[in-house]
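*Asks:* Handing you this structure, nothing more for now.
Numbering (full-length UniProt numbering), first residue to last: 1 to 846.
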């Protein structure tokens, strides 16, 4: 019954029960179409195609060519894949031996299997050929090597691509004939009128299962060939105004405190502004800072769970609360107009905050002959074309729309920025039916499959550097070409299900843009039992909603259906529910009509199986009539997707030219006793000054009398407060003084001054302090400054000076500025700039 209800009411493409077509805006509405223009288009299911590809790779390995999977990267002495496609393995890796490095170098592009084996046998003459064959076969089985058979996700006919590659690879004719037969049967089935062809369909499924057996080997979509459906320009204008309102209403990026904003603070604390860090190193919990909070693929190993503050201003919350109470009292919708937001929204929107494009979707209804729009539940399409990207195979006209959008985006994007399509086989392979699409973007990151672009335009995750610009916005850069990269996906696969690497690249491509789909009412009213209808002018943004818990009905898992019915009808009367409503879960809607016992039974079963702590969300069905009709006056449920594109081009992103320093090189990372000795001293904050002014100062005076050594310290949290002490000298000097230093550390523990100490590597913040040439000078300043601060704190505690520590600190800062030969006006401007930036950081950190 659930299936029957959805197929009759849900507009999301659903096999033969709904279709996709193209419409337009014009002078007047044209809401009828030719019912004879429906057509179906079947193609092989992606999971079936993928299993066929794997079968051919294993059985005809010696006839194929292979390339290194772009999802592969090397870390230390192992090679890893970003994720696996078996739906089980959390991590896939092999040893990065000299053999693997040779294959890595050899297979940058497609290489014939025999050439791979020949190269290995020439380099490892004493290794049996059987062992070499087995090693390469294992890499293919684990998908470190992928074959030329794998169709790109952005070609229109992937099955035909595989057949063509199989032919050129001289796969046995018997198997090719089986594939051609399937293709022929698909073409024949596509030509049969909708409503006919059941026998042909069953024969086709049987033929496919003989070759590869899966649960659903064929995907069938329906298109609408009649493109005469039109909506008037008045409707177009209303949608444009709504899109502008959403953008204005959204909080500026700098005022949001979400997981990405908090992650920026972690990034800056570790790396600073003028540092570009390899993406994979940054997201690694061991080598970098791990993934942001809320990321789960995989979860960061050391981030604590954090809560995020309310993202809406007090004025916004007060406004919507006032609107709510007025609406409930008057039993009327919450009505929004542009003028109502002037007082509470920031109408001064910076050019760089406007998204390049996005989409809005609406259910189209009629009220007294006038078109009414109901905002659809799918508001996660953050780029134009994403919703219908996977349906481009249906017609050239849909393909042309995507091409036009991508070309316009290219014109609007900053000249030094390239848009890169994420073209991926998902870890749950069946979802490849969602991620296959068409792309006209300049770059592509293809994972577990081949690319349609030249290898120079293919981007690997290991090619990507991450930085933060002076406007506090993340950016991605190609480490070889220096191009700024903006990553997008022309499909609606949920980024939350993607590996952390891909989710992060998608999220930072929208960093700095207003999050237009973070609607205030969804957050402010999220726990309300009842929410009235919400309108913007004449567009319905949200129908009436109710939350119903089991506890509202005083029922339990053992309650009979009759008991559930009786309790629900009482709830229905109390809260004045309509006759028809939807059970809603995200963008999934199931229509319930209390006058229809069949759908009512479905509702009761859904209610019975809910968790006591998780309510059902009920949304009133649209009151207005369906707008679309065929020539026989049959009525259809219709939904439109409207792409919206910004008017003005983005300004080019200006970034400083950075001198690259090897991330793990000896100039950046100083291991213990390699010129530096770095010790973390954990102590109570109340005794930090005692430790600095007396203990550290005294031990340094003792050892500096005996050895040529210098030092500096700083206070820090990780999150425990501690003093970071660094000693600098030649290795032999540091080894010689260490016994004396160790005795000092023991004495600190005995005094209870230090609870623990850690000796670790010193990572020099080269970019933060002017680059490699200035780093030594900066450290010399730190050393001299530390001695001055130790002396001043000591004198203050001994009451040898009367000025406060704050005044002393200010004098110290001014002396530094004077030594840089800045005028008074320049000093004042610099300090005001720093104070403003600190205010922003303090606001971000709460």
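For glycine and all other residues, C-beta sits at the position ideal for the given N, C-alpha and C.
(1) Can you list, in chain order, the residues of its chain whose CB lies under 6 Å from that of residue 758, leaving out five sequence neighbours each side?
(2) Over the uninterrupted alpha helix (DSSP H) stretch that includes residue 9, give me the two end residues.
(3) Roughly how many whole angstroms lie between the Cα atoms of residue 536 and residue 239?
(4) Scan the stretch 366-397 and note each continuous beta strand (DSSP E) run of 3 residues or more that stays entirely inside, going in chain order.
(5) Could you tell me which of 330, 454, 15 and 668 sits nearest to residue 218, measuring between CA atoms?
(6) For the ligand HEM, is there a heavy atom less than 7 Å away from the beta-carbon of residue 131?
(7) Between 506, 768, 221 and 480, which has its C-alpha nearest residue 388's C-alpha?
(8) Where does residue 399 sit, in a helix, a strand or coil, going by DSSP?
(9) Determine the direct distance from the alpha carbon of residue 812 to that of residue 694, and round the result to whole angstroms.
(10) Kindly list the residues whose CB is nearer than 6 Å to the CB of residue 77, restricted to its own chain and excluding five residues on each side of it in sequence; keep chain order.
(11) Could you tell me which of 640, 523 and 754 sits nearest to residue 227, measuring between CA atoms?
(12) Report the three-state DSSP secondary structure of residue 222 (helix, strand or coil).
(13) For residue 841, which of helix, strand or coil comes out of DSSP?
(14) Report the rounded CA-to-CA distance for residue 11 versus residue 223, giving the unit in angstroms.
(15) Flag this pair as yes or no: are the beta carbons of residue 466 and residue 474 separated by less than 8 Å?
(16) Suppose contacts are defined by Cβ-Cβ distances below 8 Å. Is residue 489 in contact with residue 577 by that definition?
(17) How many Å lie between residue 440 and residue 351 at the Cα?
(18) Determine the burial state of residue 803: buried for a count of at least 16 other Cβ atoms within 10 Å of its Cβ, exposed for fewer.
(19) Which residues bound the alpha helix (DSSP H) around residue 608?
(20) Cutting at 7 Å between CB atoms, please list the residues of its own chain near residue 554, excluding the five before and the five after it.
(21) Rounded to whole angstroms, what's the CA-CA distance from residue 267 to residue 260? Just pull it up for me.
(22) To the nearest angstrom, how far is it from the Cα of residue 635 to the Cα of residue 368?
(23) If you follow the beta strand (DSSP E) that residue 179 is in, where does it begin and where does it stop?
(24) From the DSSP output, which residues share a beta bridge with residue 672?
(25) Name the two residues that bound the continuous beta strand (DSSP E) containing residue 585.
(26) Would you say residue 190 and residue 40 are within 8 Å of each other, going by their C-beta atoms?
(27) Where does the unbroken beta strand (DSSP E) through residue 103 begin, and where does it stop?
(28) How is residue 826 classed by DSSP in three states: helix, strand or coil?
(29) Indicate whether the contact test is met: 3 or more Cβ pairs, each with one atom in the stretch 752-769 and one in the stretch 732-741, closer than 8 Å.
(30) Curious, which full-length alpha helix (DSSP H) runs of at least 4 residues does the stretch 243-304 contain?
(31) Could you check whether residue 540 and residue 360 sit closer than 8 Å to each other, using their CB atoms as the reference points?
(32) Which residues share a DSSP beta bridge with residue 625?
(33) According to the neighbour-count rule (16 or more other Cβ atoms, all chains shown, within 10 Å of its Cβ), is residue 561 buried or exposed?
(34) Taking the alpha-carbon positions, what's the residue 768 to residue 271 distance?
(35) Would you identify the three-state DSSP class for residue 350, choosing helix, strand or coil?
*Replies:* Looking at the atomic coordinates:
(1) If we look at residue 758 and ignore the five residues flanking it on each side, its Cβ neighbours are 680.
(2) Taken as a continuous stretch (DSSP letters only), the alpha helix (DSSP H) holding residue 9 covers 2-9.
(3) Taking the CA atoms as reference points, residue 536 sits about 10 Å from residue 239.
(4) Taken in chain order, the unbroken stretches of beta strand (DSSP E) that lie wholly in the stretch 366-397 and span 3 residues or more are 370-375.
(5) The shortest Cα separation from residue 218 among 330, 454, 15 and 668 belongs to 15.
(6) Judged by which ligands are present, the structure shown has none, so any question about the ligand HEM falls away.
(7) Cα-wise, what sits closest to residue 388 is 221.
(8) DSSP places residue 399 in helix when its eight states are reduced to three.
(9) Distance between the alpha carbons of residue 694 and residue 812: 21 Å.
(10) Shown here for residue 77: same chain residues with a beta carbon closer than 6 Å to its own, the five before and five after excluded, namely 96 in chain order.
(11) Ranked by how close their Cα comes to the Cα of residue 227, the residues 640, 523 and 754 have 640 in first place.
(12) In the structure shown, residue 222 sits in a strand (DSSP, three-state: E or B).
(13) Confidence in residue 841 is poor, its pLDDT being 40 and thus under 50, which makes the residue's placement unreliable; the coordinate value appears in the next sentence. If DSSP states are grouped into helix, strand and coil, residue 841 belongs with the helices.
(14) Residue 11 and residue 223: Cα-Cα distance of roughly 13 Å.
(15) Yes; because the gap between Cβ atoms is below 8 Å, this pair is in contact.
(16) With a cutoff of 8 Å on beta-carbon distance, residue 489 and residue 577 are scored as not near each other.
(17) Pairing residue 440 with residue 351, the inter-Cα distance amounts to about 25 Å.
(18) By the 10 Å Cβ count, residue 803 comes out exposed.
(19) Note, residue 608: alpha helix (DSSP H), 597-608.
(20) Same-chain partners within the cutoff: 567.
(21) Roughly 10 Å between the two C-alpha positions.
(22) Distance between the alpha carbons of residue 635 and residue 368: 16 Å.
(23) Note, residue 179: premise wrong, no beta strand (DSSP E); alpha helix (DSSP H) at 173-191.
(24) Note: residue 672 sits in a beta bridge opposite 676.
(25) Unbroken beta strand (DSSP E) run through residue 585: 580-585.
(26) Yes.
(27) Segment 98-106 is the alpha helix (DSSP H) holding residue 103; no beta strand (DSSP E) there.
(28) Residue state for residue 826 is assigned as helix, using DSSP reduced to three classes.
(29) No, the stretch 752-769 does not touch the stretch 732-741.
(30) With a minimum length of 4 residues, the continuous alpha helix (DSSP H) runs that stay inside the stretch 243-304 are 259-270 and 279-283.
(31) It is not a contact, given that the beta carbons lie outside the stated cut-off.
(32) DSSP, once it has assigned bridges, lists 366 as partnering residue 625.
(33) Exposed, since its Cβ has fewer than 16 Cβ neighbours within 10 Å.
(34) Between the alpha carbons of residue 768 and residue 271 lies a gap of roughly 8 Å.
(35) In this structure, DSSP gives residue 350 a state outside helix and strand, which the three-state scheme calls coil.
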